[in-house]
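As structure tokens, the structure follows; a few thoughts come after it.
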Amino acid sequence: MVGIGFRPNFKSELFLYPESVDFLEITADHYFTKNQEKKEELNLLNNHFTLIPHGLNTSFGSAEGIDEKYVEKMAAVIEIVNPPYWSEHLCFTKAGGIELGHLAAVPFTNEMVDVFCKNIETVRKTIKTPLILENITYNFIVPSSEMSETAFITKVVNNAQIGLLLDITNLFINAKNHIFDYKQFLKEIPTDKVVQFHFVGAYQKNGVWYDEHAHAIHPEIWEIMEYATQYTHVQGMVLERDEAIPNFKELKQELETARTIFKNIRGNK
5 MVGIGFRPNF KSELFLYPES VDFLEITADH YFTKNQEKKE ELNLLNNHFT LIPHGLNTSF
65 GSAEGIDEKY VEKMAAVIEI VNPPYWSEHL CFTKAGGIEL GHLAAVPFTN EMVDVFCKNI
125 ETVRKTIKTP LILENITYNF IVPSSEMSET AFITKVVNNA QIGLLLDITN LFINAKNHIF
185 DYKQFLKEIP TDKVVQFHFV GAYQKNGVWY DEHAHAIHPE IWEIMEYATQ YTHVQGMVLE
245 RDEAIPNFKE LKQELETART IFKNIRGNK
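Numbered per this note's numbering, the sequence shown finishes at 273, counting up by one with no gaps.
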């Protein structure tokens, strides 16, 4: 199954090509508002597509614990759309009561594994829907880390009994910037726990790769996706595009490329 991260910019075009999208990923935080227009938008989408909520600010990596009011808002959106699962990030976005404004990398330590597991269990008391967490990009490995990223991901996913959202573009960027083999990365994570992919383009500046969700898919990203599809149990692939959004026909082409990869590999298994 192939979906796209919903953006209001292409709402009208989306309904012209409903056959090209199997489901939509929505940014759940955008629907925490009491704004009537956003409520109507959510109902419209929910009436026509399967929706997967994607959170931005649960901050599972915050040692101080979880913001219960935020979780209640997330739970309200999940109750409306009744998804098969919902997703968030392997990161923290709050520290000492301060909003960081971005997805911050955590140290890969056993203590942090415990933080994630404790926070996931707290959220699970309110939200029973299965959770999957996404790998993020990072500028550097936090010096206090005790293990590799793959060992950390494996411990969190297995200990907390959750699924994994494998961001193919984030893997590509980290592999390029930190010089490691993406194939080895995939060998070391629990590939049987991969539920969904994210994919989008990336760009290079002064020898460093970045992701602004604003570019067409790089050929190497397609290669990683194809390889990862062979070695995971992925159920859905989601195209993310936030900036420089082109005509929907161009996005449709990228969706069809992903669909072809999925069908070709799944058809051969």
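All residues carry an ideal CB built from backbone N, CA and C; glycine is no exception.
Among A80, E72, E103 and P87, whose alpha-carbon lies nearest the alpha-carbon of N123? Your numbering for residue 123 matches position 119 in the sequence shown. It is E72.
Strand pairing of P134, partner residues [DSSP]: Taking the first residue of the sequence shown as position 1, residue 134 is located at position 130. Answer by DSSP bridge pairing: none, since P134 is not bridged.
Classify S152 as helix, strand or coil using the three-state DSSP reduction. Looking up residue 152 in the sequence shown gives position 148. The answer is coil: DSSP assigns S152 none of H, G, I, E or B.
Residue from V212, I70, E192 and I84 with nearest C-alpha to K2: There is simply no residue 2 to check, as the chain begins at 5 and stops at 273 in what is shown.
Minimum C-alpha distance to F201 - residue among F176, T126, F184 and E247: Numbered from 1 along the sequence shown, position 197 holds the residue referred to as residue 201. Selected option, being the one with the closest Cα: F176.
Limits of the beta strand (DSSP E) - the one that L28 falls within: For the purposes of this step, residue 28 is taken as residue 24 along the sequence shown, with counting starting at 1. Where L28 is concerned, the enclosing beta strand (DSSP E) stretches over F27 to T31.
Close-in-space but distant-in-sequence residues of the same chain around D171 (CB under 6 Å, 5 per side omitted): Working through the sequence shown from its first residue, we reach residue 171 at position 167. Taking C-beta separations shorter than 6 Å and ignoring five residues to either side along the sequence, the partners of D171 in its chain run E138, N139 and H202, following chain order.
Collapsed DSSP secondary structure at P223 in the structure displayed: What you label residue 223 is simply residue 219 of the sequence shown in a count that begins at 1. Helix, per DSSP.
To the nearest angstrom, how far is it from the Cα of G59 to the Cα of V81? Against the sequence shown, residue 59 aligns to sequence position 55. Against the sequence shown, residue 81 aligns to sequence position 77. Put simply, the backbone Cα of G59 is about 10 Å away from that of V81.
For E258, does the three-state DSSP call read helix, strand or coil? Here residue 258 corresponds to residue number 254 of the sequence shown, with the count starting at 1. Reduced to three states, the DSSP call for E258 is helix.
What distance in whole Å lies between the Cβ atoms of I56 and T62, which are believed to be in contact at a cut-off of 8 Å? Residue 62 sits at position 58 when you count from the first residue of the sequence shown. Residue 56 sits at position 52 when you count from the first residue of the sequence shown. Actually they are not in contact, since the Cβ atoms of T62 and I56 sit about 15 Å apart, beyond 8 Å.
Under DSSP, the beta strand (DSSP E) around T141 begins and ends at which residues? Within the sequence shown, numbered from 1, the residue matching residue 141 stands at position 137. In the DSSP annotation of this structure, T141 is not part of any beta strand (DSSP E), being labelled neither H nor E.
Look up P57 in the DSSP assignment and give the residues it is bridged to. Your numbering for residue 57 matches position 53 in the sequence shown. Beta-bridge partners of P57 (DSSP): I30.
For E92: DSSP bridge partner residues: If you number the sequence shown from 1, residue 92 lands on position 88. Beta bridge pairing from DSSP links E92 with L137.
Less than 8 Å between the beta carbons of V204 and L243, yes or no? Walking along the sequence shown from the start, residue 204 turns up at place 200. Walking along the sequence shown from the start, residue 243 turns up at place 239. Contact flag set, yes.
Look at the alpha carbon of N13 and the alpha carbon of E41, and state the distance between them as a whole number of angstroms. Within the sequence shown, the letter at position 9 stands for residue 13. Within the sequence shown, the letter at position 37 stands for residue 41. Answer to the nearest angstrom: the Cα atoms are 15 Å apart.
May I ask you to report which of helix, strand or coil DSSP gives H217? One-based indexing of the sequence shown puts residue 217 at position 213. Here H217 carries a coil assignment [DSSP, helix/strand/coil].
Tell me the residue span of the alpha helix (DSSP H) that contains L168. Along the sequence shown, read from residue 1 onward, the residue named residue 168 stands at position 164. Where L168 is concerned, there is no enclosing alpha helix (DSSP H), although the beta strand (DSSP E) it sits in stretches over G167 to D171.
Does DSSP put Q188 in a helix, in a strand, or in coil? Working through the sequence shown from its first residue, we reach residue 188 at position 184. Correct three-state label for Q188: helix.
Look up M241 in the DSSP assignment and give the residues it is bridged to. On the sequence shown, position 237 is the one that residue 241 refers to. Paired residue(s): V6 and F201.
Could you tell me which of D185, T141, F189 and L48 sits nearest to H217, measuring between CA atoms? Here residue 217 corresponds to residue number 213 of the sequence shown, with the count starting at 1. Out of D185, T141, F189 and L48, T141 has the C-alpha closest to the C-alpha of H217.
For my contact list, K256 and S24 are in at a C-beta cut-off of 8 Å; report their separation, rounded to the angstrom. Taking the first residue of the sequence shown as position 1, residue 256 is located at position 252. Taking the first residue of the sequence shown as position 1, residue 24 is located at position 20. Between S24 and K256 the Cβ distance is about 5 Å, and since that is below 8 Å, they are a contact.
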